[in-house]
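Chemist:
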Amino acid sequence: MMEPQLVSWHEKWSKQGLVIIEIDNGQIDSLDEVETHVADRNIPFTVLHDKGGAVCDRYSVRAYPSAYLIDKGGTVIWEGHPTDPSVNAVELIQAALA
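Mapping of the sequence shown onto the working numbering: residues 13 to 110, in sequence order.
#1: Can you tell me whether Asn37 is buried or exposed, with buried defined as 16 or more other CB within 10 angstroms of its CB?
#2: Assign Asp62 to one of two classes, buried (16 or more other C-beta atoms within 10 Å of its C-beta) or exposed (fewer than that).
#3: Go ahead and pull the three-state DSSP assignment for His49.
#4: Between Ile82 and Phe57, which are expected to be in contact by the criterion C-beta below 8 Å, what is the C-beta distance as a whole number of angstroms?
#5: Assign Val99 to one of three DSSP states: helix, strand, or coil.
#6: Can you tell me which of the three DSSP states Leu30 falls into?
#7: Among the candidates Lys84, Tyr80, Val46 and Ile89, whose CA atom is the shortest distance from the CA of Leu18?
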């Protein structure tokens, strides 16, 4: 589960312009269930429910759920799963927000 890591990043860097968007690929059946999931976990950032998979297809989302880190200029600086050991997302965030 990646929400704890994303919540930590949101709390630490959102005021500097970091935006976090989590994409659910439709594994959760309804928008109401997504909203309940977000509320139950107190997720403070955007969660996109991609029921038909169009967004995932368009942006070649490979991991589910996926997270995109976007700098204050609107540039996607990273996408994937925050626990992926092959990427140091914290360094990318810090460099983009410097």
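Glycine included, every Cβ here is placed at the ideal spot set by N, Cα and C.
Modeler: In this structure, then:
#1: Residue burial annotation: Asn37 is buried, with at least 16 other C-beta atoms found within 10 angstroms of its C-beta.
#2: Answer is buried; the Cβ neighbour count reaches 16.
#3: The answer is helix: DSSP assigns His49 an H, G or I state.
#4: Contact annotation, Ile82 with Phe57: C-beta distance approximately 11 Å; criterion of less than 8 Å not satisfied.
#5: Note: Val99 maps to coil in three-state DSSP.
#6: In the structure shown, Leu30 falls within a coil segment according to DSSP collapsed to helix, strand and coil.
#7: For the residues Lys84, Tyr80, Val46 and Ile89, the minimum Cα distance to Leu18 belongs to Tyr80.
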